[in-house]
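Presented below is the structure to which this report refers.
Protein chains: 2
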Amino acid sequence: MKRVSFDAMSCSIAQALEIIGEWWTPLIIRDVSLGLRRFEQIQGDLGISRNILTDRLNKLVEDGILYRTNIAASGTRCDYRLTEKGLDFLPVLMTLMAWGDKWVEQPDGPYTELVHTTCDHVTHPHLVCDHCGEAITPQTTRSRAGAAFAHDPHHPLVRAAAARA
Amino acid sequence: MKRVSFDAMSCSIAQALEIIGEWWTPLIIRDVSLGLRRFEQIQGDLGISRNILTDRLNKLVEDGILYRTNIAASGTRCDYRLTEKGLDFLPVLMTLMAWGDKWVEQPDGPYTELVHTTCDHVTHPHLVCDHCGEAITPQTTRSRAGAAFAHDPHHPLVRAAAARA
């Protein structure tokens with residue numbers, strides 16, 4: 009299958025997927041966040057081929073999501089850590105995890121639990137508004153085209169409005 | 009590249025990716041949520057091949073994320089809508105969008121904005137704990153293996169602990 013680049017789509021979701029949407033990438037970020045920081049550890053955990061993992065790690069470093077540290081004098085070993093941009097991605101994984109916990113059958117219970125250290129309870133994160141602090145749900149949000157794109161005939165919201173008209 | 013199935017990985021993130029991780033799928037869900045409900049509309053918006061889109065829509069219906077409605081008597085046209093499971097996925101896209109808004113350069117400003125209808129302001133969702141209501145950040149959370157998996161040598165947290173020991 010030919011992969012089409014999402015670079016040309018201005019949408020933040022499409023552009024985030026351009027960086028992150030690749031099949032293994034979220035699991036590599038998960039592993040590094042859990043403390044698997046060496047190539048061999050991540051490779052052992054995911055069972056991914058060395059070539060693919062090398063590519064993905066290089067891409068994640070290039071995109072500023074991971075950085076290399078504790079590089080051995082020989083240059084052949086290093087640790088991978090999350091940058092601020094990478095740490096900022098973890099809420100996406102937490103939200104994805106909460107969705108999987110709810111909707112994917114797990115006969116033995118959840119594989120991993122998230123503990124909120126502020127209250128020391130297992131937590132299921134949910135979204136609130138940064139303006140009013142109330143819950144954000146699909147029912148209490150609507151999307152609108154950003155000012156620069158409000159009349160762009162390629163914007164999906166402009167297309168959707170045209171389709172309804 | 010051979011695609012490995014994540015079915016065997018119990019982790020909710022891996023299992024959610026098994027359903028959602030496919031390159032086009034999040035954008036199809038986005039389009040349907042924005043009101044593009046017909047095959048031709050989604051196809052026109054994404055510029056995706058008809059074969060691939062047919063496959064993805066069938067998979068999303070099979071996985072219970074979309075359903076078909078307003079099916080024409082001829083059986084050749086229908087609308088796609090999000091199920092409850094599909095609506096529940098939108099917070100993942102909102103979180104991904106917020107990350108993209110923050111970290112991907114957008115010289116013309118955001119392509120799409122999210123308006124919180126409760127307070128009628130543009131919103132940037134963030135995560136709070138369902139137990140104590142306080143903010144959830146990478147700094148205030150830790151992951152632990154679920155009870156059934158606490159001693160599973162394949163669990164990444166058990167691997168990470170072994171690597172530190």
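Those sequence lines, one after another, are chains A and B.
The numbering used here runs 8 ahead of the 1-based position in the first sequence.
The numbering used here runs 8 ahead of the 1-based position in the second sequence.
For every residue, glycine included, the Cβ atom is placed at its ideal position computed from N, Cα and C.
Neighbours of A/D87 across chain B, judged by C-beta separation under 8 Å, do not exist; the nearest C-beta is about 11 Å away. Chain A places a beta carbon closer than 7 Å to that of B/Q49, counting this residue as a contact. Between B/D39 and B/G94, the alpha-carbon positions lie close to 12 Å from each other. The continuous alpha helix (DSSP H) containing B/L95 extends over residues 92–95.
Taking 3 residues as the minimum length, the beta strand (DSSP E) runs contained wholly in the segment 57–123 of chain A are 74–77, 87–90, in order along the chain.
Here A/L135 carries a strand assignment [DSSP, helix/strand/coil].
A/W32 and B/A81 have their alpha carbons spaced roughly 42 Å apart.
Annotation for A/R167: the continuous alpha helix (DSSP H) segment containing it runs 164–172.
Judged by DSSP in its simplified three-state form, B/A143 adopts strand. At a cut-off of 7 Å between C-beta atoms, B/A81 does not count as an interface residue with respect to chain A. The C-alpha of A/D160 is placed about 9 Å away from the C-alpha of A/R167. Residues of the segment 62–76 of chain B that bring their beta carbon within less than 7 Å of a beta carbon in chain A are absent altogether.
Of the residues B/Q114, B/D96, B/P164, the one whose Cα lies closest to the Cα of A/L135 is B/D96. Within the DSSP bridge table, the entry for B/R150 names A/V123 as partners. Under DSSP, the beta-bridge partners assigned to A/H129 are A/H124. Identification of chain A residues near B/T84 by a Cβ-Cβ cut-off of 8 Å yields none; the smallest Cβ-Cβ distance measures about 18 Å.
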